[in-house]
Structure formats: structure tokens, C-alpha cells
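The block underneath contains the structure these notes are about, expressed in C-alpha cells.
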Amino acid sequence: MVSMNSTGFITFVGRELRRFLSLYNQTIIPGLLTTVLYIVVFGKSLGSRIGDIKGIDYMSYIIPGLAMMNVITNAYSNTASSLFQAKLMRFLDDILITPLSGLEISMGYIVGGAVRGLLNGALVLLVGLLLTDMSLAHPFLGLVFLLVVGWAFGAAGLLVGIFAKTWDNIQMLVNFFLTPLVFLGGVFYSIDMLPPVWRSISLFNPLYYMINGLRYSVLDVADSSPWWSLFVSVSAAVLFTLIGAFLFARGYRIKD
Numbered sequence: 002m003v004s005m006n007s008t009g010f011i012t013f014v015g016r017e018l019r020r021f022l023s024l025y026n027q028t029i030i031p032g033l034l035t036t037v038l039y040i041v042v043f044g045k046s047l048g049s050r051i052g053d054i055k056g057i058d059y060m061s062y063i064i065p066g067l068a069m070m071n072v073i074t075n076a077y078s079n080t081a082s083s084l085f086q087a088k089l090m091r092f093l094d095d096i097l098i099t100p101l102s103g104l105e106i107s108m109g110y111i112v113g114g115a116v117r118g119l120l121n122g123a124l125v126l127l128v129g130l131l132l133t134d135m136s137l138a139h140p141f142l143g144l145v146f147l148l149v150v151g152w153a154f155g156a157a158g159l160l161v162g163i164f165a166k167t168w169d170n171i172q173m174l175v176n177f178f179l180t181p182l183v184f185l186g187g188v189f190y191s192i193d194m195l196p197p198v199w200r201s202i203s204l205f206n207p208l209y210y211m212i213n214g215l216r217y218s219v220l221d222v223a224d225s226s227p228w229w230s231l232f233v234s235v236s237a238a239v240l241f242t243l244i245g246a247f248l249f250a251r252g253y254r255i256k257d
């Protein structure tokens with residue numbers, strides 16, 4: 002049985018955390034400012050015209066979706082950019098010769114992304130609590146969703162960081178995959194408001210379940226079962242982690 006280098010792992014995770022915390026003006030503040038703008042533009046301007054959704058005022062209704070959007074984009078960006086930068090600047094070789102296994106290094110990258118996603122999502126919810134009358138209906142379940150989804154997209158970022166050859170490759174997934182799926186996942190509306198065909202299509206969007214799960218955790222309203230949403234989120238986290246950790250441990254596009 003191979004023992005884990007716990008000291009080295011904790012040190013590496015600490016490095017990843019310091020990396021994004023030292024750049025808080027790029028990794029934390031922009032997401033908060035963007036969220037406030039969304040709340041003002043959509044919540045204030047459109048909220049009075051749209052009215053309540055499932056008995057929840059519109060401004061409060063969109064905040065869980067905005068929080069999950071921040072979790073997804075920040076967790077993904079942190080891991081993908083950190084790994085790709087290490088490859089590009091050639092200091093990944095220095096990390097690989099440390100007494101850490103490929104599995105431990107890959108997990109360290111994922112933990113860094115998950116924590117950044119969790120922190121950004123939690124701060125968005127805090128802003129929502131300050132600006133609206135909403136309360137946290139199921140805080141522990143909400144924390145689980147923030148952590149699981151952050152982990153899932155931290156692992157997804159690891160996968161993209163492994164395959165990426167340019168910075169454009171990393172941004173391409175955000176522009177053509179993550180952003181459309183997030184906006185089509187019910188951030189600004191309930192899928193029950195959609196025509197039947199489009200509602201059925203939305204059910205194939207995994208990001209919808211992540212948003213739905215956090216919305217239930219915060220507001221106690223949901224379009225689908227929150228437990229099914231949790232199952233989808235955990236499944237995504239496990240799948241991305243297994244693939245990403247396996248490829249990294251094998252040195253795929255890492256030791257080229």
C-alpha cells in the first residue's frame with residue numbers, strides 16, 4: 002500500500018491557495034462586481050416587470066444561479082490556468098520531481114480550484130443576503146453543492162489544462178460550452194416557464210441540476226428533485242476526477 006505524502010500535499014495545496022488569494026483583485030473581486038451588476042440590471046430593472054417566481058421575488062430567485070455560475074467559472078479557470086501556466090513556463094518539471102505522486106499533484110490542483118469556486122460562490126450568496134430578504138433554507142446542503150460542483154469543475158479544469166496547447170484553448174471552453182450551458186441552465190428563470198419542448202431539452206443540461214440544487218438549498222424551491230440534482234453533481238465530480246487524475250498520473254501531455 003502506497004502511503005500519502007500528507008506534508009507535501011498540504012504544502013502544494015497551500016501554494017495553490019496563495020496563488021489565487023494573492024491575486025484577489027483578479028480572482029475574487031471581478032466576480033463580485035459582476036454579480037452586483039447582474040442583480041442591479043436584472044433583479045432591479047426586470048424584477049418589477051417579471052414579478053415573483055414560485056413565490057420568490059425575482060432578485061432573490063436569481064442569486065443562487067449567479068452564485069453557481071461563479072463557482073463553475075472560477076473553479077474551472079483556477080485549475081486550468083494554473084496547470085497550463087506551469088506547463089508553459091516549464092516549472093511543472095520542478096513540481097514533478099518533488100516527492101509527490103501524480104495523483105497527489107492532480108488532487109492538489111483540483112482542491113485549489115474547488116476552494117476558489119467555493120469561496121466565490123459563498124461570497125455571492127453573502128452579497129445576496131445583504132441586498133435581499135432571502136435566507137438560507139438548507140445551509141449544509143448548500144455548502145455540499147458549492148463544494149461538489151467546485152470540485153467537479155476544478156477537475157474539469159485539470160482535464161482542459163492537460164490537453165490545452167494555448168491560452169485560447171482554455172478560454173474556448175468557457176465561451177462555447179460553459180457560458181451557454183450556464184445561461185440555459187435556469188440562472189435567470191425557472192424552466193417551468195419554458196415551452197414543453199425547451200423544458201425537456203433543459204433537462205439534458207447537467208449545469209441546470211447544479212443550479213437547481215443550490216436554489217433549493219437557498220430558497221427551498223426547485224424545478225426538479227434536489228436529490229437527483231445532487232446525484233448529477235456528484236457523478237460529474239467523480240467522472241472528471243477519475244479521468245483527469247488518471248491522465249495526469251500517466252503523464253499524458255505532461256511529460257512531453
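Note that the sequence shown covers residues 2 to 257 in the numbering used here. Built from N, CA and C at the ideal position, the CB exists for glycine as well.
Spatial neighbours of residue i in its chain, beta-carbon cut-off 8 Å, leaving aside the 5 residues before and after
i, result
"Gly9", "Thr99, Pro100, Leu101 and Glu105"
"Ile51", "Tyr59"
"Leu126", "Ile64, Pro65, Ala68, Leu137, Gly143 and Val219"
"Gly48", "Asp58, Tyr59 and Met60"
Chain-order list of residues whose beta-carbon lies under 7 Å from that of residue i (same chain, five-residue window excluded)
i, result
"Leu174", "Val161"
"Met2", "Low per-residue confidence applies at Met2: pLDDT is 44, beneath 50, and the placement is therefore not dependable, though the value from the model is reported in the following sentence. Excluding sequence neighbours, Met2 sits near nothing in its chain."
"Val183", "Met70, Ile73 and Leu208"
"Met5", "Glu105"
Contacting residues, own chain, Cβ-Cβ under 6 Å from residue i (five flanking each side not counted)
i, result
"Ala81", "Gly158, Val161, Gly162 and Ile171"
"Arg16", "none"
"Ile64", "Gly129"
"Met69", "Met211, Ile212 and Leu215"
"Gly103", "Phe249 and Ala250"
"Ile187", "Correcting the residue identity first, residue 187 is Gly in this sequence and not Ile. Tyr209 and Ile212."
"Tyr62", "Ile54"
"Ala165", "Phe85 and Ile171"
Enclosing alpha helix (DSSP H) for residue i [first to last residue]
i, result
"Ile255", "Taken as a continuous stretch (DSSP letters only), Ile255 belongs to no alpha helix (DSSP H), as it is neither H nor E."
"Tyr210", "Pro207 to Leu220"
"Leu204", "Taken as a continuous stretch (DSSP letters only), Leu204 belongs to no alpha helix (DSSP H), as it is neither H nor E."
"Val41", "Neither: Val41 is in no alpha helix (DSSP H) and is coded neither H nor E."
"Gly75", "The residue you asked about is not Gly; residue 75 is Asn in the sequence shown. Tyr59 to Leu89 is the extent of the alpha helix (DSSP H) around Asn75."
"Ile11", "Ser7 to Leu22"
"Phe184", "Thr180 to Phe184"
"Asn26", "Tyr25 to Thr28"
8 Å contact criterion, which residue i and residue j should meet: CB distance rounded
i, j, result
"Asn71", "Thr36", "7 Å"
"Ser83", "Arg20", "6 Å"
"Leu204", "Ile73", "No, Leu204 and Ile73 are not in contact; Cβ-Cβ is about 18 Å, not under 8 Å."
"Leu33", "Leu124", "6 Å"
"Asp224", "Ile192", "5 Å"
Residue i: CB within 6 Å of a non-hydrogen atom of the ligand GDP
i, result
"Phe232", "Here there are no bound small molecules, and the ligand GDP is not part of this structure."
(request) Could you say if the region 151-170 and the region 212-219 meet the contact criterion of at least three C-beta pairs nearer than 8 Å? (result) The answer is no - the region 212-219 does not touch the region 151-170, with fewer than three Cβ pairs under 8 Å.
(message) Suppose only complete runs of 4+ residues qualify. What are the alpha helix (DSSP H) ranges in the region 91-172, listed by chain order?
(response) You should have 93-97, 103-132 and 140-164.
(request) Pair every Cβ in the region 112-119 with every Cβ in the region 68-86, then say whether three or more of these pairs are closer than 8 Å. (result) yes
(request) Pair every Cβ in the region 140-149 with every Cβ in the region 234-254, then say whether three or more of these pairs are closer than 8 Å. (result) Proximity of the region 140-149 to the region 234-254 meets the contact definition, three or more beta-carbon pairs being nearer than 8 Å.
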